[in-house]
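Input: a single structure, listed below in structure tokens.
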């Protein structure tokens, strides 16, 4: 049996490449769109953002839903069944999830940006339907798994957070037109905590227990560490989101402290893996992982400061930026730089030829430009938010936009090289 | 598959005649049901006193198990009775009659490697991911250029291994899948 046959033999758990890749391509597209909308919004809108409808909220959701969650969905449906050795569900459900979710994000963002309530409601409904399918697929898979506590417990927390953030998110959308919520800002803060630290953060932590050791070729993180970080994270999410929703500073502060404890346990577990890794040199994508981890710590410290009474202007905006663009976007784009060529290489021997080399699938130039643009944005935008000047915000957003263009080029180029490899393999096959 | 454990010229061990009367632990049905018989075999082995015998029927030659039990003082002798049916006789005698020239190495991840007639074998079953991949890559990175192939004993289809192998000039040439024993033949490209 040739390599291609080997891959086909794994069809119960390995999705056709077009399924995860449509999520990754959509993520790259919305990443670019998010920065573009932010650039069009201008520095005054960014600095004066208080959570209401408009281009900044639209850009924020293009990044959170369109890029970060889109990546999480695409990666999870491919990697979860491989990690757990249990089937995820029918492929048609994954495709349906995409066709509900991806256009839904666009509609919802357009509805927020313009703003048009009808678009908001229809977009939010499609997004919620897509996420409901995702939650169902993941829950179905996790119910069959008794091992891998580091992954599964965080994934369960992500599913639980998804439920909470979806309910709060739909309530917030309806509240834009009806004003039924007693405290819109408190509900928005709880929604942000559950979305960023809960849904996306727990998926990031859980999958990093599989992906980081695999990518650096380090030993597995002990199950005990995963159990401890899941427990600390669950307590942090419950107290943090509860404190935000109830407007209780001490409770929210306790959540931030518990979040720091969870992060400390997570870093301790990761340090053990990194110290004894086989790959002595970190690959380029890992620079963004370092940035992401530093931003995670900073976001929790900023959250703690806010809970303890720091003024909302400018600290709330800064917390949101560091949390979304610093921690999650850095982490997601870092992993995408590795996952996209990795999956392409896995599938590249489908016709029985030699697999494409990772090093030949991934172009280096766009990765460097993206890192430079993203890092510059992470420095200049907070400087503009704190200092009040327009030019750091303008330059920062333009740097982020340039980085997103480079990331889009990277994604398309890997796909092009993968297809080129497949075409060459097809041409080399004996005719008839 | 030839019996790799003894020189065919030398014939079966002297203790085999006594072992023929021992009860047989048949693990084929457990494997067919998807149950890993390792624990049951270890429990049975632990109950054997010095000088005693253990007989196991398996659908394949359980080389890794024989090596594990050799480490616990069991000599062994295996026969292929029919297609998909092996009988292996174990004798608790300190392991004196077991492959005294065999070089069994345990890698840092806990994987065992050994040499057989068809090349180097590595058993990565029971390891937590990504340790199986680490052990395999560690092995092939340390091999001499003249070694062209490696046989891997795995308990899952290693989807994520192929890209790392390709990066090192290796690929999965073929695979056979039995319950809890997925065997991969790796070759240099």
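Protein chains in written order, with this note's numbering: chain A, 457 to 888; chain B, 38 to 226. Beta carbons: idealized from backbone N, C-alpha and C, even for Gly.
Contacts between residue 676 of chain A and chain B, judged by CB atoms closer than 8 Å, involve 165, 166, 167 and 168 in chain order. Judged by beta-carbon spacing, residue 499 of chain A lies beyond the 8 Å limit of residue 834 of chain A, meaning their Cβ atoms are not closer than that value. As a beta-bridge residue in DSSP terms, residue 150 of chain B pairs with B/142 and B/159. Buried is the label assigned to residue 826 of chain A, since at least 16 other Cβ atoms lie within 10 Å of its Cβ. Its Cα nearest to that of residue 816 of chain A, the residue A/796 stands out among A/796, A/532 and A/489.
Taking 8 Å as the CB threshold, residue 814 of chain A lines the interface with chain B. Counting the other CB atoms within 10 Å of its CB gives residue 71 of chain B a total below 16, which places it among the exposed residues. Sixteen is the threshold: when 16 or more other Cβ atoms of the shown chains lie within 10 Å of the Cβ of residue 801 of chain A, as they do, the residue is buried. Excluding the 5 residues flanking it on each side, residue 556 of chain A has same chain C-beta neighbours closer than 6 Å at 582, 585 and 586, in chain order. Taking a beta-carbon distance threshold of 8 Å, residue 124 of chain B does not count as an interface residue toward chain A. Sequence-distant Cβ neighbours of residue 671 of chain A in its own chain, meaning closer than 6 Å and more than five residues away, are 794. Each residue's CA atom was taken as its position, placing residue 600 of chain A and residue 544 of chain A some 10 Å apart. Proximity of the region 481-500 of chain A to the region 851-860 of chain A meets the contact definition, three or more beta-carbon pairs being nearer than 8 Å.
Here the region 649-663 of chain A makes no contact with the region 571-581 of chain A; the two share fewer than three CB pairs at distances below 8 Å.
Close to residue 785 of chain A, with beta-carbon spacing below 9 Å, lies no residue of chain B; the smallest spacing is near 25 Å. For residue 186 of chain B, the enclosing beta strand (DSSP E) stretches over residues 186-191.
For residue 557 of chain A, the enclosing alpha helix (DSSP H) covers residues 547-569. When C-beta atoms of the region 875-887 of chain A are compared with those of the region 90-107 of chain B, fewer than three pairs fall below 8 Å, so the two segments do not count as touching.
Under the 8 Å criterion on CB atoms, residue 144 of chain B is classed as non-interfacial with respect to chain A. For residue 224 of chain B, DSSP records a beta bridge to B/186 and B/208. Within chain B, the residues placing a beta-carbon under 9 Å from that of residue 810 of chain A are 203, 208 and 226, ordered along the chain. Residues of the region 181-193 of chain B with a Cβ closer than 8 Å to any Cβ of chain A, in chain order: 193. If you check the CB distance, residue 59 of chain B and residue 97 of chain B do not come in under 8 Å.
Residue burial annotation: residue 871 of chain A is buried, with at least 16 other C-beta atoms found within 10 angstroms of its C-beta. When rounded, the separation of the alpha-carbon atoms in residue 699 of chain A and residue 647 of chain A is 12 Å. Assignment of beta-bridge partners to residue 117 of chain B by DSSP yields B/123.
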